[in-house]
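Positions in the first sequence are counted from 1; adding 1 to them yields my numbering.
The next block holds one structure in the form of structure tokens; read it before the comments.
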Amino acid sequence: MSERELRRNLAILPMGTIRELTLLTDRQIRYYEQNELISPTRGKGGQRRFSLNDVDRLLEIKDFLDAGDSIKDIQEIFAKQRRKAVGKQDSESALRRSLQKEFAQIGRFDR
DNA sequence: GTTCTCACA
DNA sequence: TGTGAGGA
């Protein structure tokens with residue numbers, strides 16, 4: 002995982018901040034958590050700590066809900082997004098490997 | 001003062 | 001989903 006991703010996944014934001022950022026009530030945020038739409042970590046006293054990725058997710062959830070999607074629909078949407086992200090990651094690393102081979106070949110002829 | 005869980009006139 | 005109770 003890249004350093005940028007690590008920072009995005011740093012879960013440090015408290016409920017109040019999330020409420021203001023997403024314009025959702027803490028009631029709704031906790032409800033979405035129960036349905037596994039977000040995965041905040043727990044800090045001192047069992048208080049939730051959200052990451053920037055969680056904020057992003059919540060905003061998407063809000064949009065999907067407005068669009069008429071159910072909680073289950075959104076669960077599947079996120080599952081598909083995850084699969085696509087993994088696939089993209091694989092193809093990109095494969096591309097990098099093939100390019101490295103090519104450059105290695107060029108290097109031999111260059112001398 | 002903030003967040004948590006649980007339960008429902 | 002809202003809201004109030006009772007704790008931490």
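Even glycine gets a Cβ: it sits at the ideal position worked out from N, Cα and C.
Inset, instruction - Return the Cβ separation of leucine 14 and arginine 50 in integer angstroms, given the expectation that the two are a contact with Cβ distance under 8 Å. - result: The beta carbons of leucine 14 and arginine 50 sit about 7 Å from each other, so the pair counts as a contact at 8 Å.
Inset, instruction - With DSSP as the reference, label threonine 42 as helix, strand or coil. - result: Reduced to three states, the DSSP call for threonine 42 is strand.
Legend entry - Span of the alpha helix (DSSP H), counted from its first residue to its last, around asparagine 54: Secondary structure note for asparagine 54: its alpha helix (DSSP H) is the uninterrupted segment 53-67.
Inset, instruction - Under 8 Å Cβ to Cβ from arginine 76, same chain only, skipping five residues before and after it: list those, please. - result: Per the sequence shown, the amino acid found at residue 76 is glutamine instead of arginine. Excluding residues within five positions, the ones whose Cβ falls inside 8 Å are Asn36, Glu37 and Leu38.
Legend entry - Burial state of isoleucine 107, where buried means 16 or more other Cβ atoms lie within 10 Å: Counting the other Cβ atoms within 10 Å of the Cβ of isoleucine 107 gives fewer than 16, which makes it exposed.
Inset, instruction - Would you please state the rounded distance, in angstroms, between the beta carbons of isoleucine 19 and leucine 59? I believe it to be under 8 Å. - result: Isoleucine 19 to leucine 59, Cβ: 7 Å. Contact.
Inset, instruction - Quick one: using the 10 Å Cβ neighbour count with 16 as the cut-off for buried, is tyrosine 32 buried or exposed? - result: The Cβ neighbour count for tyrosine 32, taken over all protein chains shown within 10 Å, is under 16; the residue is labelled exposed.
Inset, instruction - Kindly indicate the opening and closing residues of the alpha helix (DSSP H) around glycine 17. - result: Run containing glycine 17: 16-23, per the alpha helix (DSSP H) assignment.
Inset, instruction - Kindly indicate the opening and closing residues of the alpha helix (DSSP H) around glutamate 34. - result: Segment 27-35, the alpha helix (DSSP H) holding glutamate 34.
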